[in-house]
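FYI, the numbering for the sequence shown is 1 to 539, going by full-length UniProt numbering.
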Amino acid sequence: MVKLNQNLKYLVPLVIFLTVLSLNQALAITESSLYIPFYSRLESQFSIAKIYYVATNEPGASNDNNGLYPTYQGGNNGPFKDLNTENIRNLLSGNQGVKMVLRQGTYYIAALGDLSPSGNSGITLNGSGDEFHPVILTSYPGETAILDGGENLPWDQIHRIATGQESYQIRIRQLIDVLGQNNIVENLTIRYGFRHNIQIAGRSSIIRNNTLIGVYEDSIKILSSANNVYIYNNNVYGFGSQGVDYFGGDNIIIEKNDFHDPGLDPTTDQIEANAITSKGGVNGLLIRNNQIHDFDTNLTPAIGLGSGSSAPSFHERDQFGNYLPSASNVLVVDNTIYNYRGPAFLFVSCDTCGVEGNKIYNTLGLSLIGYPQPELYFESPADQLPPSRNININNNQFAGNNGNLSSVCSSRNSIIVGMTCYVYSVATTIELNGFVSSNNTYYTDTPPNFVYLSNSSSHQQFILSVNTDSSSQIRPRNEFISPTVLVGDLNNDLIVNSIDYSILNSDWFTSNSRSDLNSDGLVNAIDYSLLNANWFKTY
1 MVKLNQNLKY
11 LVPLVIFLTV
21 LSLNQALAIT
31 ESSLYIPFYS
41 RLESQFSIAK
51 IYYVATNEPG
61 ASNDNNGLYP
71 TYQGGNNGPF
81 KDLNTENIRN
91 LLSGNQGVKM
101 VLRQGTYYIA
111 ALGDLSPSGN
121 SGITLNGSGD
131 EFHPVILTSY
141 PGETAILDGG
151 ENLPWDQIHR
161 IATGQESYQI
171 RIRQLIDVLG
181 QNNIVENLTI
191 RYGFRHNIQI
201 AGRSSIIRNN
211 TLIGVYEDSI
221 KILSSANNVY
231 IYNNNVYGFG
241 SQGVDYFGGD
251 NIIIEKNDFH
261 DPGLDPTTDQ
271 IEANAITSKG
281 GVNGLLIRNN
291 QIHDFDTNLT
301 PAIGLGSGSS
311 APSFHERDQF
321 GNYLPSASNV
331 LVVDNTIYNY
341 RGPAFLFVSC
351 DTCGVEGNKI
361 YNTLGLSLIG
371 YPQPELYFES
381 PADQLPPSRN
391 ININNNQFAG
401 NNGNLSSVCS
411 SRNSIIVGMT
421 CYVYSVATTI
431 ELNGFVSSNN
441 TYYTDTPPNF
451 VYLSNSSSHQ
461 QFILSVNTDS
471 SSQIRPRNEF
481 ISPTVLVGDL
491 NNDLIVNSID
501 YSILNSDWFT
511 SNSRSDLNSD
521 GLVNAIDYSL
531 LNANWFKTY
């Protein structure tokens, strides 16, 4: 990547074993588990000492109020007006058992204090309590609260800044900075930070049910100190680099999010973005039940499982000073990836990583294993990043619209969204130690292409080259069942979730046909029941 200088139950199993089964091994690999009780706590289990309200549109709202009431009661008994004073922001920092509730409206976040050269954080959550006493930033039930960093510059200006033709003082580097421990950011629209919408450096953090829009780099940035992170049911789009980028850290769950329609890279004026990238020594990662779609990206993999690093000095090392694998103990399961101009997965320096039960169609390929050029592994030195081992790719469905290898697929400029050029592309053998591919189904009407060390091959030739994948099968393209639009999927993104609820809520008691699911002329509780019956179903 080119870089610029309504609450839901916490229904996550307490223990998630990252288990990869190999047909060539007698025992299952169970290298890691995620045990994070915080994720499974009901809201009724939290002990909240103070609830503060902010209501920018409420008559009588003032930053001189006590903030303890959602509506103005007289005197100083009423909500705050905005979030642009230090004393209000500090309520979320160094405290425990505190909730701040934002009422309907747009909250423009100012940069307070002296600006650092790289820009300031907007709001900081810095919880100090245990899992029963979190710090929570949320919206008022049934209302839409928007946090706006204001860093939505004209495109010609941001291009000049990115290419060094114009200087610019960043004001809001990221809208929300998550530090400390046991913090929750939920039910908000968060948009137009400069580099990131949310940056996480703290422990035990939950980011859920938000809409994240824009930024010129990564929408959610996870740093190496950020262990035990749960990213759940967010709608993420418009970012310039990655939807979620994590550099180191342990125990991360990315579940039921919708990544789509990224923005341009400010330097290249092309779409270079991808959904999820892991690097820097992350250990213990579950990527489950996400939707990744509609990326006209520059052949960048949708999910990068390990990668080289532009910052090797920050890469985690073992006790002897050796670099750890970019990613270890990873399970990618039950995701849907489609209409994507790039391969679904990249494996580079990924130790014990499983990809199982995913549904992938209209992508450049299923998987790219390794980089063609060793110098891409690390800028300096090139040979110190451990290669992958124990990659398992099993029980996936992959459907392609194969391109002509001698013409369309011979140049990246001729490849369009939805064109498939290979199933596997193995760029180097150093990533194949313990590699297992099994029981996948490849749907195509023309012989699928497999690339091994830059040479095109048939499936049978590929099996002989890598000594695996013999249990996978090739089936006609028309046997692949594309996800069907369910009742309640109002935006046709192949999942019924909070986005659809918001659309239905905006049409409440109108006759808008998009939300009138039973066609009785009125959007009401009957339509909500129909939507709710398919909650989180994908196809």
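By construction, the Cβ of each residue, glycine as well, lies at the ideal position given by its N, Cα and C atoms.
Please state whether the Cβ-Cβ distance between residue i and residue j is less than 8 Å.
i           : j    : result
R173        : F194 : yes
G243        : L299 : no
S278        : L305 : yes
D507        : S498 : no
S471        : S511 : no
R160        : E166 : yes
S224        : A273 : no
G321        : G281 : no
I123        : I176 : yes
V330        : N358 : no
I222        : V215 : no
residue 564 : S307 : The structure shown has nothing for residue 564, since the chain only spans 1 to 539.
L125        : V178 : yes
L432        : V466 : yes
A399        : Y361 : yes
R191        : G119 : no
S349        : S411 : no
L522        : D500 : no
N444        : I416 : The amino acid occupying residue 444 in the given sequence is Thr; Asn does not appear at that position. Going by C-beta atoms, T444 is not nearer than 8 Å to I416.
V355        : N390 : no
S139        : V98  : no
Kindly indicate the opening and closing residues of the beta strand (DSSP E) around residue i.
i    : result
F295 : Q291 to F295
A145 : A145 to D148
S456 : N455 to S457
R475 : Q473 to R475
Y452 : F450 to Y452
R317 : R317 -> no beta strand (DSSP E), and no H or E assigned at all.
S502 : Looking at the DSSP string, S502 is not in any beta strand (DSSP E); the run it does join, the alpha helix (DSSP H), is S498 to S506.
V54  : K50 to V54
T189 : T189 to R191
S425 : Y424 to V426
I220 : I220 to I222
Does residue i pass the burial test, meaning 16 or more other C-beta atoms within 10 Å, or should it be called exposed?
i    : result
F378 : Residue placement at F378 is poorly supported in this model, since its pLDDT is 44, which falls under 50; the coordinates still yield a value, given next. Under this definition F378 is a buried residue.
P447 : exposed
N24  : Confidence at N24 is low in this model, with a pLDDT of 33, below 50, so the placement of that residue is unreliable and no value is reported for it.
I481 : exposed
T30  : At T30 the pLDDT is 38, less than 50, meaning the model places this residue with poor confidence; the figure from the coordinates comes in the next sentence. Exposed, by the Cβ-count rule.
D520 : exposed
L212 : buried
L42  : exposed
S529 : exposed
P476 : exposed
S32  : Summary for S32: the model assigns pLDDT 44, below 50, so the residue's position carries little reliability, and this model does not support an answer.
E479 : exposed
T468 : buried
V15  : Per-residue confidence for V15 stands at a pLDDT of 33, beneath the threshold of 50, marking its modelled position as unreliable; the derived number appears in the next sentence. The residue in question, V15, is exposed, as its Cβ has fewer than 16 Cβ neighbours within 10 Å.
N233 : buried
D245 : buried
I136 : buried
G263 : buried
S453 : A small correction: the amino acid at residue 453 is Leu; Ser does not occupy that position in the sequence shown. Exposed is the call here.
S219 : buried
T106 : exposed
N413 : exposed
Along the alpha helix (DSSP H) that carries residue i, what are the first and last residues, could you check?
i    : result
H260 : Here H260 belongs to no alpha helix (DSSP H); instead the beta strand (DSSP E) covers D258 to H260.
D245 : Careful: D245 lies outside any alpha helix (DSSP H), inside the beta strand (DSSP E) at Q242 to F247.
D527 : A525 to A533
N87  : E86 to R89
R160 : W155 to A162
Per DSSP, which one or two residues make a beta bridge with residue i?
i           : result
T138        : V101
residue 556 : Lying before the first or after the last residue shown, residue 556 is absent from the chain, which here runs from 1 to 539.
residue 543 : Residue 543 cannot be examined here, being either before or after the span of the chain that is shown, 1 to 539.
D250        : N283
S438        : N394
Q181        : R203
K359        : T336 and Q397
residue 596 : Beyond the ends of the chain as shown, which are 1 and 539, falls residue 596; an answer cannot be given.
A327        : V282 and C350
T236        : Reading the sequence as shown, one finds Val at residue 236 and not Thr. Answer is L212 and F259, bridged to V236.
Is there a Cβ from chain B that is less than 8 Å from the Cβ of residue i?
i   : result
S93 : Here there is only one protein chain, and chain B is not present.
Three CB pairs or more closer than 8 Å across the segment 113-120 and the segment 63-83: Contact between the segment 113-120 and the segment 63-83 is not established, with fewer than three Cβ pairs separated by less than 8 Å.
At least 3 beta-carbon pairs within less than 8 Å: the segment 283-295 vs the segment 331-351: Touching, yes.
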